[in-house]
Amino acid sequence: MREVLRFTPRSRRQLLRALIVTTIFVIFLAALATLFGITILQYTLAGFRLSSIVIVAAIGLTVIYGIRGFANFAYGDLMTLGAYVALFVNMNMALSLVWGAIVSFVVLALVGILLEVLIFARLEGRGPVPPIVASVGVGLIVQNGIRAVATTQQWIFRVPFIPEIPIVPGLGFHWIRDLGTVAVGLAFMISVHILLTYTNLGKAMRATADNLELAKATGIDTKLVTYAAWAVSCSFASTAGVLLGLIGVVSPVIGFNVLLLVFAAVIVGGIGSPYGAVLGGLVIGLSQEMSVPLLLGLGASSAYKVAIPFIVMIAVLILRPWGIAGRPPPFARRVFFIEKILDAIGGRPGAAQDAERESGG
Amino acid sequence: MGVPARPRTRNERAGADRTAIDTGILTNVGFYVYVSIVFALLALGFNLQWGYTGLFNAGIAGFFLIGAYTTAIAITPPTPPSIGYPGHLGGFSLPLWLAAILSMAAAGSVAALVALPTVRLRADYLAIATLAFAEVLRVVAINWESVTAGTIGIFPIPQPVEFNPPSAFLNAMVKVAIGAGVLLILLVVLLFMTESPWGRVLRAVREDEEATMALGKNTFLYKLQAFAIGGALMGLAGWLFTITINYIEPSGSFAPAITFSVWVMVIVGGAGNLRGAIVGAFAIYGLEWLSVQLKDYAPRELKDTIFYIRLMIVGTLLIVLIIYRPEGILREKKRILR
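Chains as they are written, first to last, in my numbering: chain A, 19 to 379; chain B, 119 to 456.
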């Protein structure tokens, strides 16, 4: 654990940057609160609540994205499955929800390994599209299987009733809904950091995600690493699903409804980077919830808030396709796409020279 | 496949022409044929994008929605807001052919706009970005009540031909004829396009984009064109859907499930050839239509779950086909150069 305490110049720089961003954010919040009244902070609270769920899910999704190289479209439905397993334990076995979450954590880890063995191992090396198609198939089976077995009815977890604590009128605070989700999100972030930095398995996972062939050559059992990645990914999905059910209701589409948010978080943060997933989750969750007062101020319906994360995502895709925290590919140019458009129109002088230089290099 | 899953022929049979029992089943089959043609158009558009060019579009439902709403707004007579109905933008009463051009233009230009930033991305980014685009469009369609009438949807959309004693059978046959005509014309046009040098470049982009670039082709422009034309075809599918269904609403008909079922159709039929897309559309929509027909005969405990079981079958088909027969039933003709 000595490594934590040793400050390298890089970690010092990162820490400084994080401090600056946090300070700006706090000042921004303070400005908002003084301008529009303190109740505006309820949207921030909702944003943090959503963020912590999206972060847990996005870490899980990005782990498998990094190692297996495909977008798992079944992830939303795996979250739903996790919520329903917990619901089953919570209702039919009359145990506390904590036990439900633990059982569903283990069950979903097994489901993940099963998916790899049965389906996705057979699609290795066939490019990104076939696994996407197969994962949509898995999603359809899981979602409609849940509908067929548990009906489309909405359920609520059995948790002890705790009233909301009002801080000021209009701004409340709930132990489970607010503190619980944020605490679980933080705990998962820290445990992932420990897993990836201080354990051999985590180091092997990072190596495999970085370069599969090289990892194999160094003697890493990449098959085992892939199973571990699936287990981590799907068990994170189960916890995210339980949290989703906790702040709302449990229904067959809860996971699918946030799937695109999770994807947006993964892309904004940079695919394959768990730290990026944390940043992306924060950006996505906060931007969605905190856009509500803005939209209401503009006279638009607050239902449009779901569009905001995607606008952020598209902006990131245009300006920085490798994400906020991702590593740029060796030959990436900053405004590649604008150049392409200008090339297509044929209006940019010097396009020919550029092309020549590229083919030469 | 959340298309108005239950054809309303039961009520029509009971109400309009109780005597014409023998045409009832034909009306029903006609419904199957024209909805299949709608899906065939969607599948042809997706086939041009993915089968020929390798652009994996996950926002099919979005372009479909644009075409459908453009048509609905263009051809409906004025509908003032009333109690229980918020009204919608419209009242232009345009002819059908003009609506077809409008919806193709609308969907095609939106597709080009979506393609500009996304088409250069890897297949998985493209899929996520287009899926997000389609979902945002659906949210807009649900919430922009002054234009789309919200969740209530736009209705009634006039029949293509009004018969004097209203006849469900004749209406169905007219729609089948329109659909078949459009499909035939499109097949000829697409055959020419894909066999032309232009189509050859598209296939080259799919096989090896860098090699095509090295041959001096502007692959970005080709991908943009393929995506826009594919989007325009989906817009045309929206047009056909609107004039044949007479009623559109945003929640079910344009859900991501539509996109997924079009994928199944193209994968089942075989990507990269025109017949495959059409065969796939008729086969997979046939599955849905059969499940609707069987609903009346199924045992009671299965009645509610039969739709879910159908979607589970679709999911299983996707997985099994992509693993064991990714080239589909009708595989793309191998072209060998000598």
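Each residue gets a CB set at the ideal place from its N, CA and C atoms; glycine is no exception.
For the stretch 84-131 of chain A, the continuous alpha helix (DSSP H) assignments of 4+ residues that do not extend past its boundaries occur at 93-110, in sequence order.
Less than 8 Å divides the Cβ of A:Phe91 from the Cβ of A:Val154. Against B:Asn261, the close residues of chain A are Ala318, Ser319, Ala321, Tyr322, in the order they occur along the chain (beta-carbon pairs closer than 9 Å). By a beta-carbon distance limit of 8 Å, B:Ala224 does not contact B:Ala399. Their separation comes to about 23 Å.
B:Glu253 is classed as buried because its beta carbon has at least 16 other beta carbons within 10 Å across all chains shown. When DSSP states are grouped into helix, strand and coil, B:Tyr426 belongs to the helix group. One thing to note: A:Leu158 has its Cβ no nearer than 8 Å to the Cβ of B:Leu160. Counting C-beta pairs with one atom in each stretch, the stretch 120-137 of chain A and the stretch 308-321 of chain A have fewer than three that are closer than 8 Å, which means they do not touch. A:Pro292: member of the alpha helix (DSSP H) spanning 292-315, first to last residue.
For A:Phe191, the secondary structure class from DSSP, reduced to helix, strand or coil, is strand. Here B:Leu231 is exposed, its C-beta having fewer than 16 other C-beta atoms within 10 Å. Taken atom to atom, the span from the alpha-carbon of A:Leu96 to that of A:Leu126 is near 8 Å.
In the DSSP annotation of this structure, the continuous segment of the alpha helix (DSSP H) that includes A:Val250 starts and ends at 240-265.
In this structure, the alpha-carbon of A:Ala205 lies about 18 Å from that of A:Thr80. Around B:Pro235, the beta-carbon contacts reaching into chain A at under 8 Å are Ile332, Leu335, Ile336, Phe355. In the three-state reduction of the DSSP assignment, B:Ser285 falls in the coil class. A distance of 8 Å or more separates the beta carbons of B:Thr248 and B:Ile260. Closer than 7 Å at the C-beta level to chain A, one finds these residues of the stretch 426-456 of chain B: Tyr426, Ile427, Leu429, Met430, Val432, Gly433, Thr434, Leu436, Ile437, Ile440, Ile441, Pro444. In the DSSP annotation of this structure, A:Val268 is not part of any beta strand (DSSP E), being labelled neither H nor E.
Between A:Ala75 and A:Gly298, the C-beta gap is not smaller than 8 Å, which leaves the two residues out of contact. A direct Cα-Cα distance of roughly 15 Å separates B:Ile396 from B:Gln167. Shown here for A:Ser256: same chain residues with a beta carbon closer than 6 Å to its own, the five before and five after excluded, namely Gly100, Ser122, Phe123, Leu126 in chain order. Per the DSSP secondary-structure output, B:Tyr203 pairs in a beta bridge with B:Ser200.
DSSP places A:Val177 in the coil class of the three-state scheme, outside both helix and strand. DSSP places A:Pro148 in the uninterrupted alpha helix (DSSP H) bounded by 147-168. The count of Cβ pairs closer than 8 Å, one atom from the stretch 257-270 of chain A and one from the stretch 158-176 of chain A, reaches three, so the stretches are in contact. Under the DSSP assignment, A:Pro327 falls in the alpha helix (DSSP H) whose first and last residues are 326-337.
The beta carbon of B:Ala322 is closer than 8 Å to those of Ala329, Thr330, Leu333, Lys335 in its chain, skipping five residues each way along the sequence.
At a C-beta separation below 7 Å, B:Arg240 has these neighbours in chain A: Pro146. When secondary structure is reduced to three states using DSSP, A:Ile185 falls in the strand class. Against chain A, a Cβ distance below 7 Å from B:Phe378 picks out Val154, Leu158. Classified as buried, A:Gly203 has 16 or more neighbouring CB atoms from the shown chains inside 10 Å of its CB. The beta-carbon separation of B:Leu239 and A:Pro339, rounded to 6 Å, stays under the 8 Å limit for a contact. The Cβ atoms of B:Ile402 and B:Ser379 lie closer than 8 Å to each other. Per DSSP, reduced to three states, the secondary structure at A:Ile289 is coil, with no helix or strand assignment.
A:Val286 places its beta carbon 8 Å or farther from that of A:Gly78.
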